[in-house]
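Engineer:
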């Protein structure tokens with residue numbers, strides 16, 4: 001399944017399970033991503049919670065920082081990130097991957113400011129308009 005993925009997106013915990021690399025530092029994240037690339041993934045995105053995400057491909061590794069906030073409830077933030085990324089891949093494919101990831105981080109960040117899971121996902125009206133241009 002990993003080898004068929006155009007983009008494999010996973011959190012730190014899933015990366016550790018799939019690669020057996022303890023993900024504690026930036027170097028660890030890159031090592032885990034390299035392992036997944038060597039297993040046949042075209043590109044790998046490892047989400048890092050409040051630290052953003054790392055995008056890895058044959059061209060190298062890029063860290064996308066997340067805005068620092070005081071989270072209320074982080075449940076569902078990863079799902080918000082992946083949902084936003086799917087939206088950008090489907091409807092804004094003209095954007096470079098780094099921009100898609102930055103915007104996805106912004107959506108995920110907005111989701112941690114409200115308690116709950118489904119109820120914490122921001123609507124389009126609750127997000128800055130620049131995320132949709």
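Numbering (UniProt numbering), first residue to last: 1 to 133. We put the beta carbon where it would ideally sit given N, CA and C, even for glycine.
(1) What residue from 11, 83, 124, 119 has the CA that sits closest to residue 51's CA?
(2) Just the Cα atoms here: how many angstroms apart are residue 61 and residue 42?
(3) Look at the Cβ atom of residue 109, then the Cβ atom of residue 70, and state whether they are nearer than 7 Å.
(4) So the candidates are 26, 73, 15, 40; which of them puts its Cα closest to the Cα of residue 115?
(5) In terms of alpha-carbon separation, which member of 36, 59, 83, 44 lies closest to residue 123?
(6) Measuring only the C-alpha atoms, how far is residue 87 from residue 103?
(7) Just tell me which of 59, 128, 107 has its CA closest to the CA of residue 120.
(8) Quick one: residues in its chain with C-beta nearer than 7 Å to the C-beta of residue 75, no 5 flanking neighbours on either side, listed in chain order?
Structural biologist: Short version:
(1) For the purposes of this step, residue 51 is taken as residue 51 along the chain shown, with counting starting at 1. Of the candidates 11, 83, 124, 119, the one whose C-alpha sits nearest the C-alpha of residue 51 is 11.
(2) Indexing the chain shown from 1 puts residue 61 at position 61. Indexing the chain shown from 1 puts residue 42 at position 42. Cα to Cα, the separation comes out at about 13 Å.
(3) As a position in the chain shown, residue 109 is number 109, starting the count at 1. As a position in the chain shown, residue 70 is number 70, starting the count at 1. Against a cut-off of 7 Å, the Cβ pair of residue 70 and residue 109 comes out as no contact.
(4) Counting from one through the chain shown, the residue named residue 115 turns up at place 115. Among 26, 73, 15, 40, the Cα nearest to that of residue 115 is on 73.
(5) As a working mapping, residue 123 is identified with position 123 in the chain shown. Cα-wise, what sits closest to residue 123 is 83.
(6) Taking the chain shown and counting its residues from 1, one reaches residue 87 at position 87. Taking the chain shown and counting its residues from 1, one reaches residue 103 at position 103. Taking the straight line joining both Cα atoms gives about 10 Å.
(7) The count along the chain shown starts at 1 and reaches residue 120 at position 120. Nearest option by C-alpha distance: 107.
(8) On the chain shown, position 75 is the one that residue 75 refers to. Contacts found: 117.
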